[in-house]
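Each protein sequence line maps, in turn, to chains X and U. Quick note on numbering: the first sequence equals residues 1386 to 1706 in the working numbering. Quick note on numbering: the second sequence equals residues 1386 to 1706 in the working numbering. Note that beta-carbon positions come from the ideal geometry of N, C-alpha and C, so glycine has one too. Quick caveat: nothing in here was measured; it's all calculated off a predicted structure.
There are 2 protein chains.
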Amino acid sequence: MKEFDLIGRYFADGGHQRKDVIIGIGDDCAVTSLAPNQQLAITTDTLISGVHFLEDTPARSVAYKAVAVNLSDLAAMGAEPAWISLSLSLPEFNDAWLEEFAAGLYELTQYYSVQLIGGDTVKGPLSLTITAQGFIPPNNALTRSAAKPGDWIYATGSLGDAGAGLDILQGKLNADFTQRDFLVNKHLFPSPRVAAGTAIRRIANACIDVSDGLVADLQHILRASKCGAMVHVDKLPLSEALVSCVGREQAIQYALTAGDDYELLFTVNEEHKGILETSLSSTNVKATCIGQITGQANKLELKLNDVPFAVPEKGGYLHEF
Amino acid sequence: MKEFDLIGRYFADGGHQRKDVIIGIGDDCAVTSLAPNQQLAITTDTLISGVHFLEDTPARSVAYKAVAVNLSDLAAMGAEPAWISLSLSLPEFNDAWLEEFAAGLYELTQYYSVQLIGGDTVKGPLSLTITAQGFIPPNNALTRSAAKPGDWIYATGSLGDAGAGLDILQGKLNADFTQRDFLVNKHLFPSPRVAAGTAIRRIANACIDVSDGLVADLQHILRASKCGAMVHVDKLPLSEALVSCVGREQAIQYALTAGDDYELLFTVNEEHKGILETSLSSTNVKATCIGQITGQANKLELKLNDVPFAVPEKGGYLHEF
Chain X
1386 MKEFDLIGRY FADGGHQRKD VIIGIGDDCA VTSLAPNQQL AITTDTLISG
1436 VHFLEDTPAR SVAYKAVAVN LSDLAAMGAE PAWISLSLSL PEFNDAWLEE
1486 FAAGLYELTQ YYSVQLIGGD TVKGPLSLTI TAQGFIPPNN ALTRSAAKPG
1536 DWIYATGSLG DAGAGLDILQ GKLNADFTQR DFLVNKHLFP SPRVAAGTAI
1586 RRIANACIDV SDGLVADLQH ILRASKCGAM VHVDKLPLSE ALVSCVGREQ
1636 AIQYALTAGD DYELLFTVNE EHKGILETSL SSTNVKATCI GQITGQANKL
1686 ELKLNDVPFA VPEKGGYLHE F
Chain U
1386 MKEFDLIGRY FADGGHQRKD VIIGIGDDCA VTSLAPNQQL AITTDTLISG
1436 VHFLEDTPAR SVAYKAVAVN LSDLAAMGAE PAWISLSLSL PEFNDAWLEE
1486 FAAGLYELTQ YYSVQLIGGD TVKGPLSLTI TAQGFIPPNN ALTRSAAKPG
1536 DWIYATGSLG DAGAGLDILQ GKLNADFTQR DFLVNKHLFP SPRVAAGTAI
1586 RRIANACIDV SDGLVADLQH ILRASKCGAM VHVDKLPLSE ALVSCVGREQ
1636 AIQYALTAGD DYELLFTVNE EHKGILETSL SSTNVKATCI GQITGQANKL
1686 ELKLNDVPFA VPEKGGYLHE F
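And the structure:
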């Protein structure tokens, strides 16, 4: 047996076992079944060493983050995750690395009852592609194109932390131990907002996950929905760690432009605003109202304490470090 | 808009439009629906430049082959293809290359009414991962583990052509124009046996597609089914082009060990042997009986004109050129 057949052994059982997986890893295809009255949400994301993560990123984080990024896409659609496939390209066989990688992979899949149903292991530059699938009731998908003028704009969690964590890892930013621990962790082990995504699917209009940065991702919603937006940057949810590390002004810039936070950015009409808090209360995730959708197509306006604030040029930093 | 956002435009409409695709390319996820009484077959395959295809392979072939390899996995399960996702990693933006690539991708998807429903385009070493999905009625999947002693072993089409085509491209093998045209074409543009796969799904027991080479892939069936096999190498389906190019003896070696043919290798019990030909007649694909499954676990025996024939050492050449 060749080394690259051996790699499959680290993932042989697929982790959590689901009843809707008829055939898992090991044949030409996996075979699964879908509950009646469910539709399928499908997403694919690739992470490449040196492009999407630093070359010395621990294996556990590489795997964890690849799963998180994909589950985050499902969450942004309001879907409940079910199955993932993994394609892993590795330059060499490294037992310790693979063990750590498999552990990182199964951390999130176990937590969310997701089964690894197949994939491919090949020799090549370090990169991985995950395809994730989940369920969603018909007509419940949260799209980018469903924002309406007057909708309130919300973001879950806090923004900018992952970007600051990356800068700390790259030596561009100094932080004390507590800040470093929090911010770097947000970069290496992002939390996909799965529970929040399903909780808001009958409440929110448009939704996207913040992968490229708030400005860039909000603009995706605006383009798809042919709307504009007014965002009050003094309302942006900022973590104590980020503000104490870089100061409030710089924290706002991180929150507007840095990617990889994997928070949900969504819009809710006036009528549903009241039940949003109730719906999210069971998920332990807080959502903050940061602005409002307007009628002017593609026009993004920012204000700080009601004074116009410049929209940062750099919208999203992916593929750029 | 960044260059790598632009790439998505080459695939923006997803080609063939299917009614079961509710949301296609452009949101966080695709959303699809599954007909009642169907299960889902899912497969993922990655092709890396310099590992799975030569670095100077035309873009049209890179895309065509990546789709073919994935549809072949669906065919080997007996599934009817429906949707694919593409993750494409490219070192640079090249308009002509991308146009050719998109044309190659859509050739097979149009033919098989498959829709591209999403994916990812990233900057990195040239590689692509496709996840393909198809439908299969419950309990109809053709697995590797269902071979039974006494089953007849069949292969579709002809074997060894793609391997010879690769050797011609690499200058390891000489061929006249007609041979070269046929064999290189089999390497660059393999035909997934989609119609044959669905035609045999109530007839065959075990099935696999020949990607690693006949010996290697038959051994996958034997391991999974805990059986042995006797193959008559004088019965192997060989193309005229291959035999005239390398002679009969060498052609048998190609047929046994070279990969990338993407023919189906399957087993049929005595009772179903009669209806196999009728079932395949509408598909324009011929299947040849090359041997029989035996009761001795993992034991592969070869014979040439009823005389024992050595099992070649090299079982499959993937990751090795």
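Nearest-angstrom beta carbon gap, residue j and residue i [assumed within contact, 8 angstroms]
i	j	result
Ile1362 of chain X	Ala1547 of chain X	Absent from the model: residue 1362 of chain X. The displayed extent of chain X is 1386 to 1706, so no value can be given.
Ser1470 of chain X	Thr1429 of chain U	4 angstroms
Ala1581 of chain X	Leu1665 of chain X	6 angstroms
Val1436 of chain U	Leu1493 of chain U	With a Cβ gap of about 22 angstroms, Val1436 of chain U and Leu1493 of chain U do not count as contacting.
Gln1564 of chain X	Ser1629 of chain X	6 angstroms
Gly1399 of chain U	Ile1502 of chain U	6 angstroms
Cβ-based neighbour list, residue i, same chain, cut-off 6 angstroms, excluding 5 preceding and 5 following
i	result
Arg1431 of chain X	Residue identity differs from the one stated: residue 1431 of chain X is Thr in this sequence, not Arg. Excluding positions up to five away in sequence, the list reads Thr1514.
Arg1403 of chain X	Gln1500
Ser1342 of chain U	The displayed coordinates of chain U run from 1386 to 1706. Any statement about residue 1342 of chain U would go beyond what the structure contains.
Met1462 of chain X	Ala1426, Ala1526 and Leu1527
Pro1523 of chain X	Gln1424
Asp1645 of chain U	Ala1547
Asp1602 of chain X	Ile1593, Val1595 and Leu1650
Arg1529 of chain X	Ala1591, Ile1593, His1605, Ile1606 and Ala1609
Thr1668 of chain U	Ala1580, Ala1581 and Ala1584
Ala1444 of chain X	Trp1482, Glu1485 and Phe1486
Gly1504 of chain X	Ser1470, Leu1471 and Ser1472
Tyr1639 of chain U	Gly1545, Gly1548 and Ala1549
His1572 of chain U	Ala1547, Gly1550 and Leu1551
Cutoff 7 angstroms; reference residue i; Cβ partners in own chain excluding five residues on either side
i	result
Ser1418 of chain U	Asp1405 and Ile1407
Glu1705 of chain X	Because Glu1705 of chain X carries a pLDDT of 39, less than 50, the predicted location of this residue cannot be relied on, and the following value inherits that uncertainty. Taken in chain order, the list of residues that qualify is empty.
Pro1534 of chain X	Cys1612, Ile1678, Thr1679 and Gly1680
Pro1622 of chain U	Ala1540, Gly1542, Ser1543, Leu1544 and Thr1673
His1617 of chain X	Ile1675, Gly1676 and Lys1688
Asn1683 of chain X	Leu1607, Arg1608 and Gly1613
Asn1690 of chain U	Asp1619
Glu1440 of chain X	Ser1434
When the options are compared against residue i, the one with the closest alpha-carbon
i	options	result
Thr1506 of chain X	X:Gln1677, X:Ala1487, X:Asp1594 and X:His1401	X:Ala1487
Ala1708 of chain U	U:Ser1457, U:Arg1586, U:Leu1650 and U:Gly1509	This structure gives no information on residue 1708 of chain U, because the portion of chain U shown stretches from 1386 to 1706.
Val1631 of chain X	X:Gly1550, X:Gly1489 and X:Val1452	X:Gly1550
Glu1625 of chain U	U:Phe1396, U:Leu1456 and U:Leu1568	U:Leu1568
Ile1588 of chain X	X:Leu1511, X:Glu1492, X:Asn1654 and X:Thr1516	X:Asn1654
Leu1483 of chain X	X:Val1579, X:Phe1396, X:Leu1439 and X:Arg1565	X:Phe1396
Lys1508 of chain U	U:His1572, U:Pro1443, U:Gly1393 and U:Asp1691	U:Gly1393
Asp1619 of chain X	X:Ser1629, X:Arg1633, X:Ser1610 and X:Pro1466	X:Arg1633
Leu1607 of chain U	X:Arg1608, X:Gly1399 and X:Asp1412	X:Asp1412
Glu1334 of chain U	U:Tyr1496, U:Ile1410 and U:Glu1492	This structure leaves residue 1334 of chain U out entirely; chain U is present only between 1386 and 1706.
Ala1415 of chain X	X:Glu1440, X:Glu1662, X:Ala1453 and X:Trp1468	X:Trp1468
Leu1459 of chain X	X:Thr1668, X:Ile1637, X:Lys1671 and X:Arg1586	X:Arg1586
Leu1558 of chain U	U:Thr1442, U:Gln1635, U:Pro1693 and U:Glu1656	U:Gln1635
Gln1577 of chain X	X:Tyr1449, X:Leu1439, X:Ile1433 and X:Leu1391	According to the sequence shown, residue 1577 of chain X is Pro rather than Gln. Residue X:Tyr1449 is the option with its Cα nearest to Pro1577 of chain X.
Pro1510 of chain U	U:Leu1473, U:Asn1570 and U:Asp1480	U:Leu1473
Val1670 of chain X	X:Glu1648, X:Glu1477 and X:Gln1564	X:Glu1648
Pro1575 of chain U	U:Ala1420, U:Gly1519 and U:Val1447	U:Val1447
Leu1475 of chain U	U:Val1454, U:Gly1504, U:Tyr1491 and U:Ser1512	U:Ser1512
Lys1658 of chain X	X:Trp1537, X:Gly1399 and X:Ile1410	X:Trp1537
Leu1391 of chain X	X:Gln1638, X:Val1692, X:Thr1442 and X:Glu1477	X:Glu1477
Asp1566 of chain X	X:Leu1627, X:Gly1519 and X:Leu1490	X:Leu1627
Gly1489 of chain X	X:Thr1442, X:Thr1516 and X:Gln1518	X:Thr1442
Leu1456 of chain X	X:Val1692, X:Thr1516, X:Glu1662 and X:Ile1660	X:Thr1516
Val1454 of chain U	U:Gln1518, U:Val1692 and U:Glu1662	U:Gln1518
Same chain only: Cβ atoms within 8 angstroms of residue i, ignoring 5 sequence neighbours per side
i	result
Ile1521 of chain X	Gln1423, Gln1424, Leu1425, Ala1426, Met1462, Gly1463, Ala1464, Glu1465 and Arg1586
Phe1694 of chain U	Val1618, Leu1687 and Lys1688
**Request:** Can you check the region 1603-1665 of chain X for any beta strand (DSSP E) of at least 3 residues that lies completely inside it and give the ranges in chain order?
**Result:** 1613-1617 and 1649-1653
**Asked** Which residues, in chain order, does the region 1405-1433 of chain U contribute to contact with chain X at a C-beta distance below 9 angstroms?
**Response** Ile1407, Ile1408, Gly1411, Asp1412, Asp1413, Cys1414, Ala1415, Val1416, Thr1417, Ser1418, Leu1419, Pro1421, Gln1423, Gln1424, Leu1425, Ala1426, Ile1427, Thr1428, Thr1429, Asp1430, Thr1431, Leu1432 and Ile1433
**Message:** Any C-beta of chain U within less than 8 angstroms: which residues of the region 1498-1510 of chain X qualify?
**Reply:** Ile1502, Gly1503, Gly1504, Asp1505, Val1507, Lys1508, Gly1509 and Pro1510
**Prompt:** What residues from the region 1511-1523 of chain X come within 7 angstroms of chain U, judged by C-beta to C-beta, listed N to C?
**Reply:** Flagged, chain order: Ser1512, Thr1514, Thr1516 and Ile1521.
**Request:** Let me know the alpha helix (DSSP H) ranges lying completely inside the region 1462-1524 of chain U, each 4 residues or longer, listed in chain order.
**Result:** Runs found: 1480-1496.
**Asked** If you measure beta-carbon to beta-carbon, which residues of the region 1592-1617 of chain U are closer than 7 angstroms to chain X?
**Response** Ile1593 and Asp1594
**Request:** Scan the region 1529-1547 of chain X for residues whose Cβ lies nearer than 9 angstroms to a Cβ of chain U and list them as they occur along the chain.
**Result:** For the region 1529-1547 of chain X, the residues whose beta carbon sits under 9 angstroms from a beta carbon of chain U are, in order, Arg1529 and Ser1530.
**Request:** Return the residues of the region 1439-1471 of chain U that lie within a Cβ-Cβ distance of less than 7 angstroms from chain X, sorted by chain order.
**Result:** Asp1458, Leu1459, Ala1461, Met1462, Ala1464 and Ser1470
**Asked** Taking only runs of the beta strand (DSSP E) that begin and end inside the region 1387-1464 of chain X, which ones reach a length of at least 3 residues, in chain order?
**Response** 1406-1408, 1415-1417 and 1424-1433
**Request:** Identify each residue in the region 1471-1484 of chain U for which the Cβ-Cβ distance to at least one residue of chain X is less than 9 angstroms, and report them in chain order.
**Result:** Leu1471, Ser1472, Leu1473 and Ser1474
**Prompt:** Taking only runs of the alpha helix (DSSP H) that begin and end inside the region 1513-1587 of chain U, which ones reach a length of at least 4 residues, in chain order?
**Reply:** 1546-1554, 1562-1573 and 1579-1584
**Request:** Anything in the region 1666-1690 of chain X with a Cβ closer than 9 angstroms to a Cβ of chain U? List those residues in chain order, please.
**Result:** none
**Prompt:** For the region 1616-1643 of chain X, which residues have a beta carbon sitting closer than 7 angstroms to at least one beta carbon of chain U?
**Reply:** none
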